[in-house]
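Undergrad: Before I ask anything, let me first share the structure, which is written out below as structure tokens.
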Amino acid sequence: MFHPRLARLVPCAALTCAFVLTAPTALPAPVPKHLMPKDEPVCFPTRVGDRMVSLWQGKELICVVTKVEKTNDGISVTQEYEDERGVRTHDQTVVASAVGLKVVRYSDRDLDKSVWWLKLPHVDNNTWTDNLHGQETRTLGWEEIEVPAGKFKAIRVDRNDNPNGTAKTSYWYAPGLGCIKWSDGTASRVLTAFKPGN
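Residue numbers (mature numbering (1 follows the signal peptide of the UniProt record, and there is no 0)): -28 to -1, 1 to 170.
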């Protein structure tokens, strides 16, 4: 799933599908503590064939899980973009586990240092510095969020996009689905459909 923080690594041709947020949205309500998951869930799709359809800049973007392997530190999941002809290209490889989501390969390139999309165990204001551009990222808590694919409980993660914290991108990670929405105030991407694999 495309993330703006890795945009500098991706050739322009890989960024052809997107959408612009057309109207401001209200902040979602926090999920009451008694409704939060008791154990840290894996906030990523982990079955071969899991298919996520998103909308970005008015265009449909399809990501399919094509490979899943158990590793010493979690489950390695490879997602590929699928174009309108059914041709697939590498999107990302993420190690998903009880400690979070760690990107090890992006746009068919190994990363020198892995990048954490999400760090667990989840606590409000859990903060880390991303080792790609040195941006501060933190969790804000569980929220109930509605996207075209439905209503989900998701962990919100905010990333500062500049040192003084005046620009940020928010991400929402739902159990079994991964990032169901991101928004930076001017652009956004949302999950419109999910079809589970076998």
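Virtual Cβ for every residue (Gly too), placed ideally from N, Cα, C. Small disclaimer: the values here were computed from a predicted structure and weren't measured.
Would you mind stating whether Val40 and Thr65 have Cβ atoms separated by less than 8 Å?
TA: For the purposes of this step, residue 40 is identified with residue 68 of the sequence shown, where counting begins at 1. For the purposes of this step, residue 65 is identified with residue 93 of the sequence shown, where counting begins at 1. No, these two residues do not count as a Cβ contact at 8 Å.
Undergrad: Looking at C-beta atoms only, is the number of pairs between the stretch 37 to 53 and the stretch 155 to 168 that lie closer than 8 Å three or more?
TA: As far as the Cβ criterion goes, the stretch 37 to 53 does not touch the stretch 155 to 168, which means the pair count is below three.
Undergrad: For His94, which of helix, strand or coil comes out of DSSP?
TA: Within the sequence shown, numbered from 1, the residue matching residue 94 stands at position 122. Correct three-state label for His94: coil.
Undergrad: Excluding the 5 residues preceding and the 5 following Pro168 in the sequence, name in chain order all residues of the same chain whose CB lies nearer than 7 Å to its CB.
TA: Numbered from 1 along the sequence shown, position 196 holds the residue referred to as residue 168. Hits under 7 Å: Arg19, Asp22.
Undergrad: Among all the DSSP beta bridges, which residues are the ones paired with Glu41?
TA: In the sequence shown, residue 41 corresponds to position 69, counting from 1. The partner list for Glu41 (beta bridge, DSSP) reads Ser48.
Undergrad: Since Gly72 and Lys91 are thought to touch, with beta carbons under 8 Å apart, how far apart are those beta carbons, to the nearest angstrom?
TA: For the purposes of this step, residue 72 is taken as residue 100 along the sequence shown, with counting starting at 1. For the purposes of this step, residue 91 is taken as residue 119 along the sequence shown, with counting starting at 1. Going by Cβ atoms, the distance from Gly72 to Lys91 rounds to 4 Å, so yes, they are a contact pair.
Undergrad: Report the option in His62, Asp55, Trp88 whose CA atom is closest to the CA atom of Pro15.
TA: Within the sequence shown, the letter at position 43 stands for residue 15. The question names Pro, but residue 15 in the sequence shown is Cys. Comparing Cα-Cα distances from Cys15 to each of His62, Asp55, Trp88, the minimum goes to Trp88.
Undergrad: Could you compute how far the alpha carbon of Ile34 sits from the alpha carbon of Glu54?
TA: Reading the sequence shown from its first residue, position 62 is the one you call residue 34. Reading the sequence shown from its first residue, position 82 is the one you call residue 54. Cα to Cα, Ile34 sits roughly 5 Å from Glu54.
Undergrad: By how many angstroms is the C-alpha of Val67 removed from the C-alpha of Ile152?
TA: For the purposes of this step, residue 152 is identified with residue 180 of the sequence shown, where counting begins at 1. For the purposes of this step, residue 67 is identified with residue 95 of the sequence shown, where counting begins at 1. C-alpha separation (whole angstroms): 18 Å.
Undergrad: Go to Thr18, then tell me how far its beta strand (DSSP E) extends in each direction, as first and last residue.
TA: What you label residue 18 is simply residue 46 of the sequence shown in a count that begins at 1. Note, Thr18: premise wrong, no beta strand (DSSP E); not H, not E.
Undergrad: Identify every residue that forms a DSSP beta bridge with Trp114.
TA: Locating residue 114 in the sequence shown gives position 142, counting from the first residue. BP columns for Trp114 point to Ile127.
Undergrad: Please list, in chain order, all residues of the same chain as Ala(-6) whose beta carbon is under 6 Å from its beta carbon, the five residues on each side excluded.
TA: Walking along the sequence shown from the start, residue -6 turns up at place 23. In this prediction, Ala(-6) scores a pLDDT of 38, lower than 50, which makes its location untrustworthy; the coordinate-derived value is nonetheless stated afterwards. Once the five neighbours on either side are set aside, Ala(-6) has no close Cβ partner at all.
Undergrad: Could you check what DSSP says for Arg81 in three-state terms: helix, strand or coil?
TA: In the sequence shown, counting from the first residue as 1, residue 81 sits at position 109. Strand at Arg81.
Undergrad: On the premise that Thr111 lies in contact with Arg131, defined as a C-beta separation below 8 Å, what is that separation, rounded to the nearest angstrom?
TA: Against the sequence shown, residue 131 aligns to sequence position 159. Against the sequence shown, residue 111 aligns to sequence position 139. Actually they do not touch by this definition, with Cβ atoms about 11 Å apart.
Undergrad: Looking only at C-alpha atoms, which of Glu32, Val75, Val76 sits nearest to Glu56?
TA: The count along the sequence shown starts at 1 and reaches residue 56 at position 84. Checking every option, the nearest Cα to that of Glu56 belongs to Glu32.
Undergrad: Thinking C-beta only, is Arg60 closer than 8 Å to Val75?
TA: The residue labelled residue 75 in the question sits at position 103 within the sequence shown. The residue labelled residue 60 in the question sits at position 88 within the sequence shown. No, Cβ-Cβ distance for Val75 and Arg60 is not below 8 Å.
Undergrad: Restricting to Cα atoms, I'd like to know which of Trp154, Asp156, Pro135 is closest to Glu108.
TA: To locate residue 108, count along the sequence shown from 1; it is residue 136. Comparing Cα positions, the closest option is Pro135.
Undergrad: Let me know if Val119 comes out buried or exposed under the rule of 16 or more other beta-carbons within 10 Å of its beta-carbon.
TA: Counting from one through the sequence shown, the residue named residue 119 turns up at place 147. Classification for Val119: buried.
Undergrad: Answer with buried or exposed for Asp63, where buried requires no fewer than 16 other C-beta atoms within 10 angstroms of its C-beta.
TA: For this step, residue 63 is matched to residue 91 along the sequence shown. By the 10 Å Cβ count, Asp63 comes out buried.
Undergrad: Three-state secondary structure (DSSP) at Asn132?
TA: In the sequence shown, counting from the first residue as 1, residue 132 sits at position 160. In the structure shown, Asn132 sits in a strand (DSSP, three-state: E or B).
Undergrad: If we ignore side chains and look at the alpha-carbon of each, how far apart do Gly30 and Ala139 end up?
TA: Taking the sequence shown and counting its residues from 1, one reaches residue 30 at position 58. Taking the sequence shown and counting its residues from 1, one reaches residue 139 at position 167. One C-alpha to the other measures close to 23 Å.
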